[in-house]
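Right, one structure below, let's go through it.
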Amino acid sequence: MNSNRSHTIGDMASTLRSFVDMTKTHLETMKWVLMSENATSERRAKIVDELQKIQGLNDMDVIDAAAAIISDDAKIDLLFTLPDNLKIQWVKKLLHQY
4 MNSNRSHTIG DMASTLRSFV DMTKTHLETM KWVLMSENAT SERRAKIVDE
54 LQKIQGLNDM DVIDAAAAII SDDAKIDLLF TLPDNLKIQW VKKLLHQY
């Protein structure tokens, strides 16, 4: 009888440990997602400033380019990571498609 009780307690402890480990993994994932969303949100707020640095764009070009970029996280990342010479070409291509 004592052996069955310790076996049951051991099973419960193992199940609880598994649950805690799984919860920890999910919390780490949520933390990473929230940090990533925060970084994208900060970049989103700086899109117009970044576009205004590009030589040859008028105010309407900046507005149109911002509208084409703002809803796409991949485009936001690209805007802030491309070197200036490629950024100019990429934004002009976006404007042509927009």
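The sequence shown: position 18 = 21 (the working numbering), numbered continuously.
In this text, a Cβ means the ideal position worked out from N, Cα and C, and glycines have one as well.
Let me know the secondary structure DSSP gives Ile50 once reduced to three states.
In this structure, Ile50 counts as helix in the three-state DSSP scheme.
Please classify Ala70: is it buried, with 16 or more other beta-carbons within 10 angstroms of its beta-carbon, or exposed?
Burial state of Ala70 is exposed, judged by a 10 Å Cβ sphere holding fewer than 16 other Cβ atoms.
Assuming Asp46 and Ile79 are in contact, meaning their beta carbons sit under 8 Å apart, how far apart are those beta carbons, in whole angstroms?
It should be noted that the sequence gives Arg, not Asp, for residue 46. With 8 Å as the limit, Arg46 and Ile79 qualify as a contact, their Cβ atoms being about 5 Å apart.
By a C-beta neighbour count over all protein chains shown, 10 Å radius and 16 as the cutoff for buried, is Ile66 buried or exposed?
Residue environment for Ile66: exposed (fewer than 16 other C-beta atoms within 10 angstroms of its C-beta).
Find out if the Cβ-Cβ distance for the pair Leu89, Ala68 is shorter than 8 Å.
Between Leu89 and Ala68, the gap from beta carbon to beta carbon reaches 8 Å or more.
If you check the beta carbons only, do Thr32 and Asp76 fall under 8 Å apart?
The answer is no: Cβ separation not under 8 Å.
DSSP three-state call for Gln58: helix, strand or coil?
It is coil, neither helix nor strand.
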